[in-house]
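In our numbering, the protein residues as written are 13 to 129.
Glycine included, each C-beta is placed from N, C-alpha and C at the ideal position.
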């Protein structure tokens, strides 16, 4: 991507973000900014050779705010961030619950009773 293309994409990003600020409720816009901040951290980390994933803590309220429409807007914004855009994967889940299920699955495969009985 040459400098002119970069500047045009940056302009489109800023315009779309400003439009979203006027259209979204404040809580949804704040969530969007928190996610974008995490994406920025991942981009900076990747440039420095660090981890490329992000983990933005979501409350139950945040999960309700993250509608399919907000996800589409986020995808549109991230598509403007690089020459080929960015791949955006959103996973909701309780890590502690995921870990418990994984340990139980390992116990079952090992022939143990995951319930501890």
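Closest to residue i by C-alpha separation, out of the options, would be which residue?
{"i": "residue 89", "options": "39, 15 and 51", "result": "51"}
{"i": "residue 53", "options": "40, 83, 68 and 39", "result": "68"}
{"i": "residue 73", "options": "83, 84 and 40", "result": "40"}
{"i": "residue 87", "options": "29, 14, 124 and 125", "result": "29"}
Mind checking whether residue i and residue j have CB atoms under 8 Å apart?
{"i": "residue 44", "j": "residue 36", "result": "yes"}
{"i": "residue 85", "j": "residue 27", "result": "no"}
{"i": "residue 25", "j": "residue 82", "result": "no"}
Should residue i be labelled buried (16 or more other beta-carbon atoms within 10 Å of its own) or exposed?
{"i": "residue 16", "result": "exposed"}
{"i": "residue 20", "result": "exposed"}
{"i": "residue 78", "result": "buried"}
Determine the extent of the alpha helix (DSSP H) in which residue i is found, giving its start and end residues.
{"i": "residue 73", "result": "72-77"}
{"i": "residue 80", "result": "80-91"}
{"i": "residue 27", "result": "15-35"}
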